Every structure is written in C-alpha cells, then in structure tokens.
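If you read the sequence shown in the working numbering, its first letter stands for residue 6, the second for the next number, and so on.
Let me begin by presenting the structure, written as structure tokens, before commenting on it.
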Amino acid sequence: MSVTKSDLEKLLSMVKGKRKVLIVCHENPDPDTIAAAFGLKYIFRKVTGIQSIIAYGGIIGRAENQNMVRLLGIEMVPFSKITPKNYSVIALVDCQPHTGNVLLPKGVKPSIVIDHHPLRKSSLSAEYVDVRKDVGSASTIITQYIRQLNIPIDRKVATALFYGIKSDTRDLGRQTTDADIRASVFLFPYIMQKKLSKIEHPKLPREYFVELFSVLKNARIYKDVVVARLEMLTWPEIIGEIADELIQMEGIKWCFAYGKYNGSILYSIRTVKSRYMAGVLAHKISLGIGTGGGHETFAGGKIDLDYANKKVKDPEELILKRFLREVNCKDVEPETLIEGDHAYKEESKKALQSNSK
Ligand SMILES: [Mn+2]
6 MSVTKSDLEK
16 LLSMVKGKRK
26 VLIVCHENPD
36 PDTIAAAFGL
46 KYIFRKVTGI
56 QSIIAYGGII
66 GRAENQNMVR
76 LLGIEMVPFS
86 KITPKNYSVI
96 ALVDCQPHTG
106 NVLLPKGVKP
116 SIVIDHHPLR
126 KSSLSAEYVD
136 VRKDVGSAST
146 IITQYIRQLN
156 IPIDRKVATA
166 LFYGIKSDTR
176 DLGRQTTDAD
186 IRASVFLFPY
196 IMQKKLSKIE
206 HPKLPREYFV
216 ELFSVLKNAR
226 IYKDVVVARL
236 EMLTWPEIIG
246 EIADELIQME
256 GIKWCFAYGK
266 YNGSILYSIR
276 TVKSRYMAGV
286 LAHKISLGIG
296 TGGGHETFAG
306 GKIDLDYANK
316 KVKDPEELIL
326 KRFLREVNCK
336 DVEPETLIEG
346 DHAYKEESKK
356 ALQSNSK
C-alpha cells in the first residue's frame, strides 16, 4: 500500500472544520472519476463529518454512467450551477489542472489532486498531491484510502469503486497492476451484483446503433491502422467506446477515432503496442491547437475549433495527418473496412430524421 497514515492525516486535516468542500470530476465524467469522487466524499463524511459537493463539466452521457449515477444515488452537480470561488477546499480526482479535460475558472486552484495520469507540473502547487502512474485507476487509490483508514465500507461506494477500477482497466486487463487487483478483491464481497449488472448492460438509444452503422461503413484501414470518423449522434464518450471496439480487430495495431462535438474535435487513440506512449502521441497531435494526453495504450485529446481555426486552415485534416505520420502511414493509401461505395451519411441522416418524427 503506497499511502501512509500521515499522508491521510494531512488530507483529512485539510477538510476538517471546512464548510465548503468541492470535489471535481473530469469533463464528461467516466466511471472512474465518478467513483473516485463518490468514494472521497464518503471518506470525508465518515471520518470528519464534512459534507462535500461533487461537480463535473460537460455531460454524463454514456448510458452506463447515467445508470451508475442513478442506481447508486450519486449526487453530482454541473459545474455551471456552482461558484467554485466560494469553496475553501477543491479536490480534483482522476484529472489534473490545466490538462484540457477539467475546466476550472481562472484563479481557482485545487488544493487536493488525486490522479493516475502522468504527473503535470501544474499539480505541484496543490497542498496534497497523490498522483501515481503505477495504478490503473483513481478508484484504486481511493479504495486504498478506505482500507488504510479502516472505515466500514458502504455497499454503494464499494460497487462504484469496483466498477471504476473495472472500466478503467478494461476488466483488469489494461494497464493493470497488483494494486488494482488487490483493491478489486477487497471490494468484491461488498458490491451489489444486480445493480452492477444493470449499470454495465444498459438500454441504449436507437441513435447508438445508427452511429455504429455509420462508423463501420466509414472506417478506413491504413495497413495496421484503423481510422474512424464519428457522426456524434449520442454522447461524447462514444469516441472512446468505438476506439476500444476497433482496436480489437485482428491485425490492427493502432486506432484513431474522432468526431466533432460542441465546437470541438474530440479524439481517442488506442494501440496494442504496450511500450509505446499513446499519451505522448496525443500530446504531439494536439500541439499548438489543443490538448492531448493519456496512458501507454490509450489516450485522447480535444481541439477547440474556434481557437484552432485561427491557427491552421483545417484542424481536422491536420490532426489526421499528424497521426498518420506518427504511425508511419503517411503515404499509405487507405481502404474501406467494408468494401463498396456507401452513401452512409445520407442513410444515417435519413434514419435519424425519421426517428425524431
Ligand atoms: Mn481514470
């Protein structure tokens, strides 16, 4: 266990007696950041009696994540509904300041940063920093806190943390360490199995399947690389979901999935090359026009189009070009995943229009 009693005493002393404590998730929160926030809130309440508020930017889009929040009774407030300046303690979980995936108003600095992405300089000014690359999820870190503090575990908190670890590590298979497995084993007896199953297998809107159809028709193969452009018919996290699917294709070593959402281009990168740093690649792709980062085998980025359009002619073309260059496919002629010329866009648009009638 890599957290000591005195670390946690320091953490808890920071919130003791405070009336306004804010826990911030990353934008378009995923199960790991939601669970870590929920777990940290539980720790604060259980040990110090302090109530805190969980806030997030973007939307809780994925059907799984909506189910998670609803079925486990996780209260979360959109960032737009609060005034961060009013909070004396701000904790970030599963993200770090100035990384592009958490929007903090200018002048608002977190005093607590708990994350498992590579450490950023911007985090060092926080009073309490627990950023570790040797765990597969932020939920693992929070589970360690609960164990170290020896507090009784709530079953909803256990279910959330278990799912947080499970989804960030792709069922304990991706960038998983002993710490993640130990945390999962610890949580397992407490989890609410039926609720977890409902969370993991949600009902999906029809648009999801229309999106799937268009993605597959539209996918391009460059040797061992697959590129997919999404229509973004559902929620922003669909990019990561599709990337996770496509990287499973036989013979594929890289996947790049992207789409326009809310004035930005969002993209996800996946690779099977475990010793390559996908996060560094994402950083390179976004250089000068946006933000990007992540882990060894999975990463993502965001290009704000208002900004990028002032800098370059065609940001979408540029990021694709940069990606293909980095994976040695600059001059490779692509082929479609599915043979034949499909008017996929028209078809999916028509399908959608008739849906909304
Ligand atoms: Mn995470």
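In this text, a Cβ means the ideal position worked out from N, Cα and C, and glycines have one as well.
These figures come from a predicted structure and were not determined experimentally.
Ligand 1 and residue i: does the residue's C-beta get closer than 8 Å to at least one heavy atom of that ligand?
i    : result
D135 : no
H121 : yes
A143 : yes
D159 : no
T181 : no
D99  : yes
D249 : no
T148 : no
D2   : In the structure as shown, the chain starts at 6 and stops at 362, and residue 2 therefore has no counterpart that could be examined.
D336 : no
D173 : yes
By how many angstroms is the C-alpha of residue j removed from the C-alpha of residue i?
i    : j    : result
P157 : E246 : 34 Å
Y3   : V215 : Residue 3 falls outside the range modelled here, since the chain spans only 6 to 362, and no answer is possible.
E212 : L17  : 45 Å
P102 : E344 : 44 Å
G22  : K114 : 20 Å
G256 : C100 : 33 Å
A163 : D336 : 50 Å
I79  : Q180 : 27 Å
T174 : S279 : 14 Å
S142 : K265 : 27 Å
Q153 : V134 : 17 Å
L124 : L217 : 35 Å
S116 : K90  : 13 Å
S85  : E338 : 45 Å
R137 : M254 : 31 Å
Y272 : A304 : 9 Å
K208 : V74  : 15 Å
T276 : V140 : 19 Å
L342 : I252 : 13 Å
I55  : K316 : 46 Å
E3   : L238 : Residue 3 lies beyond the range of the chain shown here (6 to 362); nothing can be said about it.
T145 : A184 : 7 Å
N70  : D35  : 7 Å
K161 : A68  : 18 Å
L3   : H288 : Residue 3 is absent from the model: the chain starts at 6 and stops at 362.
V20  : R50  : 10 Å
S7   : L13  : 11 Å
P83  : I95  : 15 Å
M81  : T53  : 20 Å
N314 : K111 : 23 Å
H206 : N72  : 9 Å
I274 : C334 : 15 Å
Below 9 Å between beta carbons: does that hold for residue i and residue j?
i    : j    : result
P241 : I64  : yes
I308 : G295 : yes
P328 : L292 : Looking at the sequence provided, one finds Phe at residue 328 rather than Pro. No. Outside cutoff.
V220 : L235 : yes
G166 : T182 : Correcting the residue type first, residue 166 is Leu in the shown sequence and not Gly. Cβ atoms of L166 and T182: not closer than 9 Å.
I151 : G44  : yes
V98  : A42  : yes
D159 : Y47  : yes
H121 : G284 : no
R225 : E340 : yes
D37  : S172 : yes
G169 : A248 : no
G66  : I270 : no
K15  : S93  : no
D319 : G268 : no
Q. With contact counted as at least three CB pairs below 8 Å, one residue from each stretch, are the segment 93-113 and the segment 16-33 in contact?
A. yes
(Q) Pairs of beta-carbons, one from the segment 317-337 and one from the segment 122-140, closer than 8 Å: are there three or more? (A) no
Q) Going along the chain, which unbroken runs of the beta strand (DSSP E) with 3 or more residues stay wholly within the segment 65-98? A) 94-98
Q. Between the segment 252-272 and the segment 220-230, do three or more beta carbon pairs fall short of 8 Å?
A. yes
Q. Curious, which full-length alpha helix (DSSP H) runs of at least 4 residues does the segment 186-226 contain?
A. Whole alpha helix (DSSP H) segments, 4+ residues: 198-205, 211-223.
Q) Taking only runs of the beta strand (DSSP E) that begin and end inside the segment 271-325, which ones reach a length of at least 3 residues, in chain order? A) Taking only runs of at least 3 residues, the beta strand (DSSP E) segments lying wholly in the segment 271-325 are 295-299, 303-309.
Q) What runs of the alpha helix (DSSP H), each 4 residues or longer, lie entirely inside the segment 118-162? A) 143-154
(Q) Going residue by residue through the segment 219-265, where are the continuous beta strand (DSSP E) segments of at least 3 residues, counting only ones entirely within it? (A) 225-227, 230-235
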